[in-house]
Amino acid sequence: MTYWRQPLDRDRIQVPHGIVHIIEERCKGCGFCVEFCPQLVLIMSKHTNSKGYHPPELKDDSHCVNCGLCALLCPDFAIYVENGGTQPPDKVEPIQRSRVT
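According to our numbering, the stretch in the sequence shown is residues 1288 to 1388, in order.
Here it is as structure tokens:
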């Protein structure tokens, strides 16, 4: 996607990248992590854990910006994000927002 303007610090900024880890057996399927992920990295899975809940699964972790919001909101401590380094802004693909409300 091309923009009609570019940030002035584009050549100096590195976009953070996160690696999402989900502990499925702790999850109770509340969906907070999926609902509030700003980059739409998570979706609810079709399978269930041993408790009968649908845990989240990664849709596309390449868009994760290591914000940690999923881990902060999880009431069961079932998800955490590990620092995965940085990427130059040119390598980051913009996400397509098509959330149904």
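For each residue, glycine too, the CB sits at the ideal point set by N, CA and C.
Counted within 10 angstroms of its Cβ, other Cβ atoms place residue i as buried (16 or more) or exposed
| i | result |
| --- | --- |
| HIS1334 | exposed |
| ILE1366 | buried |
| CYS1294 | Checking the sequence, you will find Pro at residue 1294 rather than Cys. PRO1294 is exposed by the Cβ-count criterion. |
| SER1309 | Going by the sequence as given, residue 1309 is Ile instead of Ser. Under this definition ILE1309 is a buried residue. |
| LEU1359 | exposed |
| PRO1362 | exposed |
| GLU1322 | exposed |
| TYR1340 | buried |
| VAL1311 | What sits at residue 1311 in the sequence shown is Glu, not Val. Result: buried. |
Residues near residue i by beta carbon distance below 7 Å, same chain, minus five either side
| i | result |
| --- | --- |
| CYS1354 | PRO1325 |
| THR1373 | GLN1301, VAL1302, PRO1303 and HIS1304 |
| GLU1369 | GLY1305, ILE1306 and HIS1308 |
Backbone secondary structure at residue i - three-state DSSP
| i | result |
| --- | --- |
| HIS1350 | helix |
| VAL1321 | helix |
| LEU1345 | strand |
| LEU1329 | strand |
Beta carbon of residue i nearer than 9 Å to that of residue j
| i | j | result |
| --- | --- | --- |
| LEU1345 | VAL1302 | no |
| CYS1392 | PRO1342 | Residue 1392 is absent from the model: the chain starts at 1288 and stops at 1388. |
| GLY1316 | CYS1351 | no |
| ASN1336 | CYS1314 | yes |
Cβ-based neighbour list, residue i, same chain, cut-off 8 Å, excluding 5 preceding and 5 following
| i | result |
| --- | --- |
| ASP1348 | GLY1305, ILE1306, VAL1307 and VAL1328 |
| GLY1318 | MET1331 and PRO1343 |
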